[in-house]
Amino acid sequence: MPERLSPEELILRNELKRLVPLSVTTIWRLERAGQFPRRIPISEKRVAWRRSEIERWLEQRAAAMARGSA
59 MPERLSPEEL ILRNELKRLV PLSVTTIWRL ERAGQFPRRI PISEKRVAWR RSEIERWLEQ
119 RAAAMARGSA
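Sequential numbering of the sequence shown, starting at 59, is according to our numbering.
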């Protein structure tokens, strides 16, 4: 059975762009390369991301930058 999510746990593209200052194309390329959290289709023309996965990705990027390996 699919995992159930509350609406508070999902963010839409506008919120994603606010949190992650990368272009839509760059995010798409990172997703395709397995280097960014995967989007979740929520309707035919709408996608969302899990906030927790985005926050974890940002923390990992910050840690990598601090180590000089990003």
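From the three backbone atoms N, C-alpha and C, an ideal C-beta is built for every residue, glycine too.
Being a predicted model, the structure only gives us computed values, none of them experimental.
Asked, Found
"If we count the other Cβ atoms within 10 Å of its Cβ and call it buried at 16 or more, is residue 74 buried or exposed?", "buried"
"Measure the CB-CB distance between residue 100 and residue 106 and report whether it falls below 8 Å.", "yes"
"Suppose you measure from the CA of residue 84 to the CA of residue 125; what does that come to, to the nearest Å?", "23 Å"
"How is the alpha helix (DSSP H) around residue 122 delimited, first residue to last?", "109 to 125"
"Assuming residue 68 contacts residue 108 (C-beta within less than 8 Å), just tell me the rounded distance between them.", "6 Å"
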